[in-house]
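Protein chains: 2
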Amino acid sequence: MSIHPTQTQIQLARQGDITPAMKAVSEQEDLSVETICQHVAAGQTVIPANHHHTNLRPIGIGAALRTKINANIGNSALSSNAECELSKLHTAISYGADTVMDLSTGADIADIRRAIISASTVPIGTVPIYEAVSRVEQPEDITPELLLDVVEDHARQGVDYITVHVGVLKEHVARASQRLLGIVSRGGAITARWMKVHNKQNLLYTNFDALLDICRTHDVTLSLGDGLRPGCLADASDDAQFAELETLGELVRRSREAGVQAMVEGPGHIPLDQIEMNMRREAEVCDGAPFYILGPVVTDCAPGYDHITSAIGAAVGAMHGAAMLCYVTPKEHLGLPNARDVRDGVIAYKIAAHAADIGRHRPGARQRDDDISRARAAFDWEEQFRLALDPEKARELREEALHERRLEQEDSAEEANRYCTMCGPKFCSMRVSQQAIGTDEGE
Amino acid sequence: MSIHPTQTQIQLARQGDITPAMKAVSEQEDLSVETICQHVAAGQTVIPANHHHTNLRPIGIGAALRTKINANIGNSALSSNAECELSKLHTAISYGADTVMDLSTGADIADIRRAIISASTVPIGTVPIYEAVSRVEQPEDITPELLLDVVEDHARQGVDYITVHVGVLKEHVARASQRLLGIVSRGGAITARWMKVHNKQNLLYTNFDALLDICRTHDVTLSLGDGLRPGCLADASDDAQFAELETLGELVRRSREAGVQAMVEGPGHIPLDQIEMNMRREAEVCDGAPFYILGPVVTDCAPGYDHITSAIGAAVGAMHGAAMLCYVTPKEHLGLPNARDVRDGVIAYKIAAHAADIGRHRPGARQRDDDISRARAAFDWEEQFRLALDPEKARELREEALHERRLEQEDSAEEANRYCTMCGPKFCSMRVSQQAIGTDEGE
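Respectively, the protein sequence lines represent chains A and B. If you read the first sequence in numbering that gives the first Met the number 0, its first letter stands for residue 0, the second for the next number, and so on. If you read the second sequence in numbering that gives the first Met the number 0, its first letter stands for residue 0, the second for the next number, and so on.
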């Protein structure tokens, strides 16, 4: 993809070199390429685009751009295979995921990843420590060399960004001991266990320069994971979370100095009134590094509906500056998502991201809404379906309603097109209103 | 129910008379009965409790109380019957609706309503103009006498609150003519048409005193409908909407002076960044009258998922002072909800209301969240299901995940209880974390 295969986007941006990736982002976002270049140079926008991911269509992630959404896929030790994961990849991309993370922890990790990368036009992220753990008996058997080897494998395969839990320091973990739910991040928990068993500092923190070297060589963007993110409302915004955030801020600066792009991952489970504060704090502590948040879930007690609990938090987070939203599916806290859950999660997050883009007055964000509203006024059902975030679902529910109605009475198809099935002709507000305020030619 | 069948809650509260209804509300809300009485006297809390609704368990609606949710049911001219509506009523109540509105516009309106009231322990609301329209050929054939007769019928049957579109004045309607979607409220559109055909002022506005007399006699709470609510983002917060709001403020004051409880209905479709402003404006213009909002939907382009688009808006609205949230179901804009849609809508709104209650630090609001989080830490699945807003759904999704896993490999049921199906034992963050930070006895 890149015409400068030896340098990263941030290095090139600092030299004022406009890359094809920056041009592509500029066109997508309706912002000048100079602006994109400046944001990338400042580290406030990242363009995850590994030199080896040849079929990638690059996108930018930053608070000044359209809000992006990520869909997690991947097998566990317990289920799924390559075919199944590729099907989830296609579902995620077709419903509008901007990036996809392969979180596989089970069999054939490397092969599944290779298949996903070569099938994906969107940036692919991974969590290398999962594969490192899969190669040893116990999490504590990981060595720095092994972990960096895995990172290098991912980088050479074309992974565009990697989550690394470098901010989980020994001194921060103690602060999590009073928590109701402890450490809920898998990478965070593994790292904490490693540090405890060896009584040593975080192995990636002490080897951060070597990690940066690999990332710079292939232009892998760092996604600085929040291993101490709160796993329930009771643990939100606590000392452990914010101590780690300070370290992430330090790591953002070190990454930028090394010519490596970096974004920061965020919570998790946060009460509605603390979301804005969390967004501001990250922007301040991490000097505007793109904030990539998981939800946040705004209530713990709705398992089965966490795509909704978290879409609420995600929309509010994006309103206040989050750059990318990691989806949560209805299966969260219960099991691994299947293809239906992936679809439900992606659509809920398209809604959250789009609502925030409108709320932030991003240029053109409301166009689709105005177009579908015009189609509503015109009773143009096909156009409404075409403009819907999920045309299939909209059509299916309308057909269900029409069917339930037909069980009751007969009417002509033509007539049915002049009102929706909610009210019937006499009570159709749109029809009555068009007559009442004179926008209907029929009057 | 009431021991003072001749006076309304607000009249009694002003005299300092504590009613059984106020006591019940005080117990539910963990607030002193004196506080409840003061709020009712000030009109900032309403207790919709018609003297004739004998099996009612009264609740309070006000910004100082737990956020309430309403579920709309009711047939249209096109579908459903009494049995079907009673089944929706039970679904709505069992999943936690605090009030239910019967919006029937079809056959057997009076009989369906009678059945609903006598089966309902929660307050029932109606929109009398629908029945008035059903009794005539054309909406413009309604007379003030007919409409007041219908209101009186509802009041005598035991309806606890009624939506009346008294604020849709002739002079406001012209302001809606430039809108993309005109008037989307059925009651608003009917009223606008009536005024246009007769070239007269709103028939309920000119007969408001007679309306107040009926409401005072039976203690029917007025829900002052927003007939000019925006039906799409492009029409939000416009002159028509806010001109009507000023009139609603005037009507709130007239209702209170007449000893009638009143709340105010709100939009509709509002971009995320305008919700807080809308909540503040209503509180100011309507002197703290409980704000009963419909969603709001925060993007127009997700038909099939409007329970989600609107739960986002509803949560933010409740955070900023809305007292009751009228649910929106996945069928919105497509057809009438069936029982499955009612369930989806109610749960989405329980989530929104609960998230806002936590965000507003209502006493005890987070208890259920902390309890379910403790059950998560203990891998106590039965307790998690018990505490879930929808236990059935949580259990169903976990079983689905377990089933998909079993297709892959065998493991013991006992082992499966020690981790969730997301990660498997080696990657279970909770298990690893409990060992790492020493809260697990196993280590």
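Even glycine gets a Cβ: it sits at the ideal position worked out from N, Cα and C. Source: prediction; values computed, not measured.
| field | Among A:Ala301, A:Ile371 and A:Pro329, the one whose alpha carbon lies nearest that of Glu399 of chain B | value | By one-based count along the second sequence, residue 399 of chain B stands at place 400. Comparing C-alpha distances from Glu399 of chain B to each of A:Ala301, A:Ile371 and A:Pro329 shows the shortest one belongs to A:Pro329.
| message | Any C-beta of chain B within less than 9 Å: which residues of the segment 163-187 of chain A qualify? | response | Cβ contacts with chain B: Val172, Ala173, Ala175, Ser176, Arg178, Leu179, Leu180, Gly181, Ile182, Val183, Ser184, Arg185, Gly186 and Gly187.
| Can you find a CB in chain A that lies within less than 9 Å of the CB of Met429 of chain B? | Position 430 of the second sequence, counted from the first residue, corresponds to residue 429 of chain B. Interface with chain A (9 Å Cβ-Cβ cutoff): Met429 of chain B is included.
| What are the boundary residues of the beta strand (DSSP E) that Asp101 of chain B is part of? | Taking the second sequence and counting its residues from 1, one reaches residue 101 of chain B at position 102. Taken as a continuous stretch (DSSP letters only), the beta strand (DSSP E) holding Asp101 of chain B covers Thr98 to Asp101.
| field | Beta-carbon gap between Ala322 of chain B and Pro289 of chain B smaller than 9 Å | value | Taking the second sequence and counting its residues from 1, one reaches residue 322 of chain B at position 323. Taking the second sequence and counting its residues from 1, one reaches residue 289 of chain B at position 290. The beta carbons of Ala322 of chain B and Pro289 of chain B sit closer together than 9 Å.
| With 16 other Cβ atoms within 10 Å as the buried cut-off, status of Asn337 of chain A | Translated into the one-based positions of the first sequence, residue 337 of chain A becomes position 338. A residue is called buried when at least 16 other Cβ atoms come within 10 angstroms of its Cβ; Asn337 of chain A meets this threshold and is buried.
| request: Would you kindly work out how many angstroms separate the C-alpha atoms of Arg185 of chain A and Ile72 of chain A, rounded to a whole number? | output: Here residue 185 of chain A corresponds to residue number 186 of the first sequence, with the count starting at 1. Here residue 72 of chain A corresponds to residue number 73 of the first sequence, with the count starting at 1. The C-alpha of Arg185 of chain A lies about 15 Å from the C-alpha of Ile72 of chain A.
| Is the distance from the Cβ of Thr298 of chain B to the Cβ of Ile17 of chain A below 9 Å? | Here residue 298 of chain B refers to the residue found at position 299 when the second sequence is read from its first residue. Here residue 17 of chain A refers to the residue found at position 18 when the first sequence is read from its first residue. In this structure, the beta-carbon distance from Thr298 of chain B to Ile17 of chain A does not fall below 9 Å.
| Quick one: Cα of Ala191 of chain A to Cα of Val172 of chain A, how far? | The sequence position of residue 191 of chain A within the first sequence is 192, counting from 1. The sequence position of residue 172 of chain A within the first sequence is 173, counting from 1. Between Ala191 of chain A and Val172 of chain A, the C-alpha separation is close to 7 Å.
| request: Rounded to whole angstroms, what's the CA-CA distance from Phe207 of chain B to Arg394 of chain B? Just pull it up for me. | output: Within the second sequence, residue 207 of chain B is the residue found at index 208, counting from 1. Within the second sequence, residue 394 of chain B is the residue found at index 395, counting from 1. Put simply, the backbone Cα of Phe207 of chain B is about 51 Å away from that of Arg394 of chain B.
| task | Taking only beta-carbon positions, decide if Lys425 of chain A is within less than 9 Å of chain B. | result | Here the question's residue 425 of chain A lines up with position 426 in the first sequence. Yes - at least one Cβ of chain B is within 9 Å of the one on Lys425 of chain A.
| Backbone secondary structure at Ala261 of chain A - three-state DSSP | Counting from 1 along the first sequence, the entry for residue 261 of chain A is found at position 262. Strand at Ala261 of chain A.
| task | Could you tell me which chain A residues have their CB closer than 8 Å to the CB of Met318 of chain B, listed as they occur along the chain? | result | For this step, residue 318 of chain B is matched to residue 319 along the second sequence. Residues of chain A passing the Cβ test: Leu271 and Asp272.
| task | Would you kindly report the start and end of the unbroken alpha helix (DSSP H) that includes Lys67 of chain A? | result | As a working note, residue 67 of chain A is residue 68 in the first sequence. Counted as a single uninterrupted DSSP element, the stretch harbouring Lys67 of chain A is not any alpha helix (DSSP H) but the beta strand (DSSP E) occupying residues Lys67 to Ile72.
| query | How big is the Cα-Cα spacing for Pro143 of chain A and Arg430 of chain B? | reply | If you number the first sequence from 1, residue 143 of chain A lands on position 144. If you number the second sequence from 1, residue 430 of chain B lands on position 431. Taking the straight line from one Cα to the other gives about 23 Å.
| Is there at least one Cβ from chain A nearer than 9 Å to Met194 of chain B's Cβ? | For the purposes of this step, residue 194 of chain B is taken as residue 195 along the second sequence, with counting starting at 1. A Cβ of chain A is located within less than 9 Å of the beta carbon of Met194 of chain B.
| message | Between the alpha carbons of Ala95 of chain B and Asn69 of chain B, how many angstroms are there, rounded? | response | Sequence index remark: in the second sequence, residue 95 of chain B carries index 96 (1-based). Sequence index remark: in the second sequence, residue 69 of chain B carries index 70 (1-based). Per the sequence shown, the amino acid found at residue 95 of chain B is Gly instead of Ala. Answer to the nearest angstrom: the Cα atoms are 9 Å apart.
| field | Local Cβ density within 10 Å of Thr220 of chain B, reported as buried at 16 or more and exposed below that | value | Counting from one through the second sequence, the residue named residue 220 of chain B turns up at place 221. Here Thr220 of chain B is buried: its Cβ has 16 or more other Cβ atoms, across all protein chains shown, within 10 Å.
| query | Just to confirm, are Gly445 of chain B and Ala313 of chain B a CB contact at a threshold of 9 Å? | reply | With chain B represented from 0 up to 442, any question about residue 445 of chain B goes unanswered, as that position is not in the structure.
| query | Hey, is Cys214 of chain A's beta-carbon within less than 9 Å of any beta-carbon in chain B? | reply | Sequence index remark: in the first sequence, residue 214 of chain A carries index 215 (1-based). Chain B has no Cβ within less than 9 Å of the Cβ of Cys214 of chain A.
| request: Following the continuous alpha helix (DSSP H) through Tyr348 of chain B, name the residue where it begins and the one where it ends. | output: For the purposes of this step, residue 348 of chain B is identified with residue 349 of the second sequence, where counting begins at 1. Here the alpha helix (DSSP H) through Tyr348 of chain B covers Ala338 to Gly358.
| task | Using a Cβ-Cβ cut-off of 9 Å, state whether Ala376 of chain B counts as contacting chain A. | result | Residue mapping note: residue 376 of chain B aligns to position 377 of the second sequence, counting from 1. Taking a beta-carbon distance threshold of 9 Å, Ala376 of chain B counts as an interface residue toward chain A.
| message | Quick check on this structure: which residue in B:His360, B:Tyr204, B:Gln433 and B:Ala62 has the alpha carbon closest to the alpha carbon of Arg253 of chain B? | response | Residue mapping note: residue 253 of chain B aligns to position 254 of the second sequence, counting from 1. Checked all of B:His360, B:Tyr204, B:Gln433 and B:Ala62; the closest Cα to Arg253 of chain B is B:Tyr204.
| Is DSSP giving Met0 of chain B helix, strand or coil here? | The count along the second sequence starts at 1 and reaches residue 0 of chain B at position 1. Here Met0 of chain B scores only 45 on pLDDT, less than 50, and its place in the model is too uncertain to base an answer on.
| Which term fits His360 of chain B, buried or exposed, when burial requires 16 or more other beta carbons within 10 angstroms of its beta carbon? | For the purposes of this step, residue 360 of chain B is taken as the residue at position 361 of the second sequence. His360 of chain B is exposed by the Cβ-count criterion.
| Completely contained beta strand (DSSP E) runs for the segment 231-298 of chain A, where each covers 3 or more residues | Counting only runs of 3 or more, we get 261-265 and 290-293.
| If we count the other Cβ atoms within 10 Å of its Cβ and call it buried at 16 or more, is His164 of chain A buried or exposed? | Position 165 of the first sequence, counting from 1, holds the residue named residue 164 of chain A. Label assigned to His164 of chain A: buried.
| said: List, in chain order, every chain A residue whose beta-carbon is nearer than 7 Å to that of Asn337 of chain B. | reply: Sequence index remark: in the second sequence, residue 337 of chain B carries index 338 (1-based). Near Asn337 of chain B (Cβ distances below 7 Å), the residues of chain A are Glu403.
| said: Against Pro138 of chain B, what residues of chain A qualify as contacts under a CB-to-CB distance less than 7 Å, listed in chain order? | reply: Residue 138 of chain B sits at position 139 when you count from the first residue of the second sequence. Simply Val431.
| query | Is any beta-carbon of chain D found at less than 9 Å from that of Glu395 of chain A? | reply | The structure shown contains no chain D; its protein chains are A and B.
| query | What's the C-alpha gap between Val135 of chain B and Ile111 of chain B? | reply | Residue 135 of chain B sits at position 136 when you count from the first residue of the second sequence. Residue 111 of chain B sits at position 112 when you count from the first residue of the second sequence. Straight-line Cα distance between these residues: approximately 19 Å.
| field | Nearest candidate by alpha-carbon position, reference Trp380 of chain B, set A:Ala261, A:Val196, A:Val167 and A:Leu333 | value | Walking along the second sequence from the start, residue 380 of chain B turns up at place 381. Answer by Cα proximity: A:Leu333.
| message | Along the segment 298-309 of chain B, where does the CB come closer than 9 Å to a CB of chain A? Name the residues. | response | The residues in question are Thr298, Asp299, Cys300, Ala301, Pro302, Gly303, Tyr304, His306, Ile307 and Thr308.
| Would you report the Cα separation of Leu11 of chain A and Arg280 of chain A, rounded to the nearest angstrom? | Walking along the first sequence from the start, residue 11 of chain A turns up at place 12. Walking along the first sequence from the start, residue 280 of chain A turns up at place 281. Answer to the nearest angstrom: the Cα atoms are 29 Å apart.
| task | In the DSSP assignment, find the unbroken alpha helix (DSSP H) run with Ser309 of chain B in it and report its ends. | result | For the purposes of this step, residue 309 of chain B is taken as residue 310 along the second sequence, with counting starting at 1. Judged by DSSP secondary structure, Ser309 of chain B falls within the alpha helix (DSSP H) whose first and last residues are Asp305 to Met318.
| task | May I ask which residues mark the beginning and end of the beta strand (DSSP E) holding Val183 of chain A? | result | By one-based count along the first sequence, residue 183 of chain A stands at place 184. Careful: Val183 of chain A lies outside any beta strand (DSSP E) and carries neither H nor E.
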